[in-house]
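Some notes on the structure that comes next.
Protein chains: 2
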Amino acid sequence: MRQVVSVLVRNHPGVLSHVAGLFTRRAYNIESIAAGVTERPEVTRITLVVSGDETVVEQVIKQLRKLIDVIGVIDLKYSQAVTRELILMTVFLSAEKRVEFIQIATSIEARIVDISDQTATIEFSGNERQIHTVLMALGGFKIKEMARTGLIALPIESVGIGKEFLV
Amino acid sequence: MRQVVSVLVRNHPGVLSHVAGLFTRRAYNIESIAAGVTERPEVTRITLVVSGDETVVEQVIKQLRKLIDVIGVIDLKYSQAVTRELILMTVFLSAEKRVEFIQIATSIEARIVDISDQTATIEFSGNERQIHTVLMALGGFKIKEMARTGLIALPIESVGIGKEFLV
Chain R
30 MRQVVSVLVR NHPGVLSHVA GLFTRRAYNI ESIAAGVTER PEVTRITLVV
80 SGDETVVEQV IKQLRKLIDV IGVIDLKYSQ AVTRELILMT VFLSAEKRVE
130 FIQIATSIEA RIVDISDQTA TIEFSGNERQ IHTVLMALGG FKIKEMARTG
180 LIALPIESVG IGKEFLV
Chain U
30 MRQVVSVLVR NHPGVLSHVA GLFTRRAYNI ESIAAGVTER PEVTRITLVV
80 SGDETVVEQV IKQLRKLIDV IGVIDLKYSQ AVTRELILMT VFLSAEKRVE
130 FIQIATSIEA RIVDISDQTA TIEFSGNERQ IHTVLMALGG FKIKEMARTG
180 LIALPIESVG IGKEFLV
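Chains as they are written, first to last, in our numbering: chain R, 30 to 196; chain U, 30 to 196.
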């Protein structure tokens, strides 16, 4: 099962590798990780997408809560969360394909951030379904390089509250 | 000095905490980390923003290149890179402030992704300067929760190539 786990930590050196290490020591696969400061500069939010056995993730969350630099752990259910990811992608682009590429990029609300004589770089964001659609729409172009942020997530306020456990 | 380091790794358990650990063991502060799969499903790109002594980061990069699961390390200069970050932010919002909030959000090209009777959640992306501008523009609203992806980066193809070192 895939789960989104959001961990609030104090900005101390080592806390990031410590959190990641707790999952990997249990042979839990981390699909993506995104970490950035929050509205409180001394606090970082780490969002992990993990896959594996559900009971194991519950055990890892219990261990996370015992770490001195962990302020809170939120086990976000997909149905109760706004999830978003950002992608930068550079594709090879010949001159005769440029108009087609720009039309597709515009239709999927991707922003073109760089164009050279042989490439184009675009930026786009969305939930997993939207990202999948964009990647399919651009399937005809050869990717030179791609960088993904990994998912971030917040609880949906309008329909319910995520299961929030404060340590 | 702040540097953006992009590391291509094979998707093996433990490689992420190993990479993060190399920086923190040298007391190097990781400002943000973003990791997601690339166009090759077996390869993950880890983008780190680190601050500290420049010679130390060169040493860490040398050590990274020796790791068996590290395919390549790119030391991206800001001036030669497209850098982007994505933010999800939920603010407290009273009914009488709603029009003002929507006007500001529209003017800064932020997408409103959720509205409840007391809150609004928006999504926006940009480079560091643009993110700073949005945070300033929304400074009058009390933040309930914020999640940031951390920066991702690709070389600017139109003006030059990032210093790319393949292991």
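We put the beta carbon where it would ideally sit given N, CA and C, even for glycine.
Predicted model only: the values in this text are computed from it and were never measured.
8 Å Cβ cutoff met for residue i and residue j
{"i": "L117 of chain U", "j": "F170 of chain U", "result": "no"}
{"i": "R39 of chain U", "j": "V89 of chain U", "result": "no"}
{"i": "Y105 of chain U", "j": "S154 of chain U", "result": "For the sequence presented, residue 105 of chain U should be read as Leu rather than Tyr. No, these two residues do not count as a Cβ contact at 8 Å."}
{"i": "V120 of chain U", "j": "T148 of chain U", "result": "yes"}
{"i": "V111 of chain U", "j": "I137 of chain U", "result": "no"}
{"i": "A166 of chain R", "j": "I131 of chain R", "result": "no"}
{"i": "P42 of chain R", "j": "Q109 of chain R", "result": "no"}
{"i": "R54 of chain R", "j": "V85 of chain R", "result": "no"}
{"i": "S35 of chain U", "j": "A49 of chain R", "result": "no"}
{"i": "E87 of chain U", "j": "M30 of chain U", "result": "no"}
{"i": "R69 of chain U", "j": "A176 of chain R", "result": "no"}
{"i": "E125 of chain U", "j": "A139 of chain U", "result": "no"}
{"i": "L51 of chain U", "j": "L93 of chain U", "result": "yes"}
{"i": "E157 of chain U", "j": "T150 of chain R", "result": "no"}
{"i": "V44 of chain U", "j": "Y107 of chain U", "result": "no"}
C-beta neighbour in chain U for residue i, strict 8 Å
{"i": "D143 of chain R", "result": "yes"}
{"i": "G50 of chain R", "result": "yes"}
{"i": "G101 of chain R", "result": "no"}
{"i": "R74 of chain R", "result": "yes"}
{"i": "E152 of chain R", "result": "yes"}
{"i": "A113 of chain R", "result": "As written in the sequence, residue 113 of chain R is Arg, which differs from the Ala given in the question. Answer yes: the Cβ-Cβ gap between R113 of chain R and chain U drops below 8 Å somewhere."}
Any chain R beta carbon closer than 8 Å to residue i
{"i": "L195 of chain U", "result": "Because the pLDDT of L195 of chain U is 35, which lies under 50, any placement of that residue in the model is unreliable, and the number read from its coordinates should be weighed accordingly. No, because no Cβ of chain R sits closer than 8 Å to the Cβ of L195 of chain U."}
{"i": "G81 of chain U", "result": "no"}
{"i": "G169 of chain U", "result": "no"}
{"i": "I160 of chain U", "result": "no"}
{"i": "I172 of chain U", "result": "yes"}
{"i": "E68 of chain U", "result": "yes"}
{"i": "I97 of chain U", "result": "no"}
{"i": "R31 of chain U", "result": "no"}
Chain R residues whose Cβ lies nearer than 8 Å to that of residue i
{"i": "I62 of chain U", "result": "L45, I62, A63 and A64"}
Contacts that residue i makes with chain U (C-beta to C-beta distance below 9 Å)
{"i": "A182 of chain R", "result": "L117 and A176"}
Cross-chain neighbours of residue i in chain R, by beta carbon under 9 Å
{"i": "E129 of chain U", "result": "In chain order: nothing, as chain R lies at least about 19 Å away."}
{"i": "T148 of chain U", "result": "E186 and S187"}
Chain C within 8 Å of residue i, Cβ atoms only
{"i": "R55 of chain R", "result": "Looking at the structure shown, chain C is missing, and the protein chains on hand are R and U."}
Contact between the region 172-189 of chain R and the region 62-80 of chain U (3+ Cβ pairs under 8 Å): yes
Contiguous beta strand (DSSP E) assignments of at least 3 residues, all confined to the region 129-160 of chain R: 140-144 and 148-155
The region 133-148 of chain R / the region 82-99 of chain R touching (three or more Cβ pairs under 8 Å): no
Three CB pairs or more closer than 8 Å across the region 43-60 of chain R and the region 74-87 of chain R: yes
Length-filtered (3 minimum) beta strand (DSSP E) runs lying within the region 54-78 of chain U: 58-66
Every unbroken beta strand (DSSP E) within the region 80-136 of chain R, with a cutoff of 3 residues, ordered by chain: 99-105 and 110-121
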